[in-house]
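Have a look at the structure below before the remarks.
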Amino acid sequence: MGHKYQAVQWNGNKIVYDVYVVLAAGVFFAVFFIIGLAPHGSGNVADPIVLAIRALGVAAFAFLTITLAIGPLARLSPRMRPLLYNRRHLGVFTFLIALAHFGLATLWYHGGGPLNPLVSLLVSGQPGDPFPGVPFEVFGLGAFAILFVMASTSHDFFLNNLTAGVWKLLHMLVYAAYGLIILHVAYGYLVTESGMAAPAFVFGSFAALAGLHLATGLAEVGKDGGMSGRKGPLGKEWVEIGDPTAIPDKRAVIAPLPRGDRVAVFRDGAHVYAVQNACRHQAGPLGEGALIDGLVTCPWHGWQYSPRNGVSPAPFSERIATHDLRLEDGVLFVRSKPNPLGQDGAYVALGGVGSGA
Amino acid sequence: MTFSKGAIEPRHADADIFVGWAGAPGVDRRFLLGLLPLGLAGLGGGAYAISAGLEDPGPGAWLTGATHEVEGVFARAPYPMLRLADASAPFGMRTALIVAEGKCTSALELDRLNGAPVRASGVLIRRRARSILEVPLTHTDWIETVAGPADGRLAAPPEVDLGTAALSGTIMDSKCFFGVMKPARGRTHKACAALCIRGGIPPSYWVRTPDGREAVLLMTDARGGPLSEEILPLVADPVRAEGRLVRVGDLIQFRADASAFRRREV
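So the protein sequences, as listed, match chains A and B.
Reading the first sequence from the start, the letters are residues 84 to 440 in the numbering used here.
Reading the second sequence from the start, the letters are residues 3 to 268 in the numbering used here.
Shown next, in the form of C-alpha cells:
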C-alpha cells in the first residue's frame, strides 16, 4: 500500500527478531571457534582463517536450512508465523554470512596468485588442464549468485516493480541454490574431512527439510482439491461453505476452490463477505488476517481492503476480487467465479436478512 | 459439521491479529521463546559436533609475529633456497626454501645471487625440522650479499643417490603445507595449492613411510629441475609414482617427471 521505501524496514519488533538471529549466530560461531581452536591431541592448532571459512560456510548452510524450514513449519503450526513474517530479514542475514564465506575463501585460497581470483575460482586454478574431479567451487559460486540476486531484490521496491509473480518465481530459485550448496559441500568439505559429524549434519538437515516440505506439500495438495460440500441448489458455480455463524467475528474461514484458488470468507458482526485469499502485495493469506477498522487486513504486512468491493482505502488504489455469497436454509455458499476487480460482492446478512450487491 | 470438508478453519479465534510488522501475539511469543533454547542448543550442538570432528591440521607454524634473519649461501635451482651451516643439524647444514609473500615466488629475480653468501630476513614458516623463509615480493631489500667467499660445501653439496622408490602420497605446495594454512590439504585446498605451484612455490611430496612416519620430499623432475604447471592436475589428490631419491645437503629430493605419477583411488 505504502510507496515510501526505506533501505531496511526495521521497527521495534523486527529489531528484537534480528537480535535473536544475531544471538543464534553468535552462539554458533562462539562454539565453533572455541572448540575448533583448541589444540588437538597432538598439540597442533588449526589456522583461524581456514576455521573461519569453514564456520561461515557451515553457518550459511544452517541458516539457509532454517530459513527454508520456516515456511512449512508455519503451515504445520500457526505459532510459527512470527518467524514467517520476518523471514526476509533472516534470508538477508544468511546471505551476509554466505558473502563473508565467499569473500574470505576467494581471497584466501584464490588471491595473491598468478590468476585473477575470480578466474581461479571458475577454473579451480587450472585453466586448460585436464582437471579431474568435480569443481566444487563452481557449485558454491552458482549458489552464491542466486543468493546475491535474491538478497538484492528482497526489498519491496523490487517486489512492486518486478510484480509479485516474477518476484516469487525469482525467489523460488532458493531451492536451486540449496541444491548447489549440497553439491558444493559434498564435493568440497565432505571429501576433505573424514569425520561423520559434518555429513550427518548436512544430509540430516537436507532430509529434515525435504520431509517437512513433502509433508506440508501433501497436506496443501489435499486442501487445494476443492471442498467436498454440496454444490447445492444454486448450480455448479456455487460451493458450500457451511454455517456462517461459526466464523468468529472479524475473522475468516478460507475455502479452497475447485480451480485451485482460495477465497476468504469474513464475518463482520451480522455481515459476511468473501474476497480472494491472496493479498496484492506478496500473495499473503488474507484469510489468516482479520477485519480491522472494518477492513480486511493482511497478516503479513498489513495491507488493507474493503470487504465489500476489495478496494484499498484512499489514497491507495490496490484492488482484490470479491466473490458473491448466498445463504440457503442457513447454509452459506460462495460463488467460485470472482467478480471483476472493484465490483461489490453479494454479501450475506445473518439473522434472516439477506442482502446483495 | 460446521464447515464443509476441506475448508481451512479460522485460526486464532481468540487471539489478537498479528500483522507481520507488529509484535507477535503473546501466545506465539511465549511459544517461540520456549523454542529458543532448543534452537540455540541445536545450533551450538551442530557447531560443536562439526568443529570437534575436524581432522588434525598437522604440525607447522607461520611465525608472522617476527622477522627472522639468517646467513647462508643462496641457491637458485631447482627452487630458491638458502643453505645454512649448522653443526647440530644432519649433514652439518639446514636448508630453508625461499618463497615470496602471496603465491608468486617465480617473480623473485634472484639469479644474480646464485652461489653467493648472503644475509636474508623474512618470516619463518616451519614444519618440524623443515623451514621456509617468506620474503617480500616487491623489493629485494630483504637480501644482501656478505663479504667473503661462499662455503663450497653449502654452495654445491654433493648429490647422493639413494636409489629408486615407488611411493604413494600427495603433492602439496610447500608454503601452505609447511604452516601457512592448517589444514592445507584435500579438495578445499586444491585450487590454492595449484595456484601456489603455478606461481613457483616448490611442490612437496607428502608420503608415509612403511612404519607410518611422515616424510616430506622436495619434488623435482627426473633430471633434478623444477616442476610446475605439468603436475597441476595431480595436486592435492592421492597419487603414486616411482622416482629416484636423491639427497642434496639435508634435503631429500623425489625426482620423477609428472608423467610418472598416477592417481590413486581411495
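Here a beta-carbon is modelled for each residue, glycine too, at the ideal position from N, C-alpha and C.
Since this is a predicted model, take the numbers as computed values, not measurements.
Bridge pairing for residue 255 of chain B: B/220, B/248 [DSSP]. Taken through DSSP and simplified to helix, strand or coil, residue 410 of chain A comes out as strand. For the pair residue 254 of chain B and residue 205 of chain B, the CB atoms are not nearer than the 7 Å cut-off.
At a cut-off of 7 Å, the C-beta of residue 30 of chain B has a neighbouring C-beta in chain A.
Per DSSP, residue 166 of chain A lies in no beta strand (DSSP E); the unbroken alpha helix (DSSP H) holding it starts and ends at 164-168.
Taking C-beta atoms as the reference points, residue 273 of chain A and residue 222 of chain A fail to come closer than 7 Å. For the stretch 334-387 of chain A, the continuous beta strand (DSSP E) assignments of 3+ residues that do not extend past its boundaries occur at 335-339, 345-351, 354-359, 373-375, 378-380, in sequence order. It is roughly 32 Å from the alpha-carbon of residue 198 of chain A to the alpha-carbon of residue 72 of chain B.
Bounds of the beta strand (DSSP E) holding residue 205 of chain B are 205-210. With respect to residue 176 of chain B, residue 99 of chain B sits close: the two C-beta atoms are nearer than 7 Å. The three-state secondary structure of residue 267 of chain A, taken from DSSP, is helix. When secondary structure is reduced to three states using DSSP, residue 424 of chain A falls in the coil class, being assigned neither helix nor strand. At least one beta carbon of chain B lies nearer than 7 Å to the beta carbon of residue 339 of chain A.
In the same chain as residue 418 of chain A, and ignoring 5 residues on each side of it, the C-beta atoms closer than 7 Å to its own belong to 320, 321, 406, 407, in chain order.
Taking CB atoms only, residue 323 of chain A has a neighbour in chain B less than 7 Å away.
In this structure residue 279 of chain A is exposed. Its beta-carbon is surrounded by fewer than 16 other beta-carbon atoms within 10 angstroms. Residue pairing by DSSP puts residue 405 of chain A in a beta bridge opposite A/358.
Excluding five sequence positions before and after residue 242 of chain A, the CB atoms of its chain that fall closer than 6 Å to its own CB belong to 250, given in chain order. When the alpha-carbon of residue 377 of chain A is set against those of A/333, A/366, A/136, the nearest one is in A/333. Rounded to the nearest angstrom, the gap between the Cα atoms of residue 161 of chain B and residue 208 of chain B is 21 Å. Rounded to whole angstroms, the gap between the alpha carbons of residue 219 of chain A and residue 186 of chain B is 17 Å. Taking the C-beta atoms as reference points, residue 195 of chain B is found nearer than 7 Å to residue 237 of chain B.
Scanning chain A for C-beta atoms nearer than 9 Å to the C-beta of residue 177 of chain B yields nothing, as the closest lies near 11 Å away.
DSSP places residue 119 of chain B in the uninterrupted beta strand (DSSP E) bounded by 119-129. Close partners of residue 174 of chain B in chain A (Cβ separation under 9 Å) are lacking, with about 13 Å as the shortest Cβ gap.
In its own chain, leaving out the 5 sequence neighbours on each side, no residue places its CB closer than 7 Å to the CB of residue 423 of chain A.
In this structure the stretch 330-348 of chain A touches the stretch 358-371 of chain A; the number of beta carbon pairs closer than 8 Å is three or more. In the structure shown, residue 172 of chain B falls within a strand segment according to DSSP collapsed to helix, strand and coil.
Between residue 110 of chain B and chain A, the shortest Cβ-Cβ separation is not below 7 Å. Selection B/10, B/234, B/63, B/97 evaluated against residue 157 of chain B yields B/97 as nearest (Cα-Cα). Excluding the 5 residues flanking it on each side, residue 167 of chain B has same chain C-beta neighbours closer than 6 Å at 247, in chain order. Using a CB distance cut-off of 7 Å, residue 159 of chain B does not count as an interface residue toward chain A.
Neighbours of residue 107 of chain B in chain A, taken as residues whose beta carbon is under 8 Å from its own, are absent, since the nearest beta carbon is some 10 Å off.
Here residue 213 of chain B is exposed: its Cβ has fewer than 16 other Cβ atoms, across all protein chains shown, within 10 Å. Taking C-beta atoms as the reference points, residue 432 of chain A and residue 354 of chain A count as a pair closer than 7 Å.
Under the DSSP definition of a beta bridge, residue 163 of chain B partners with B/248.
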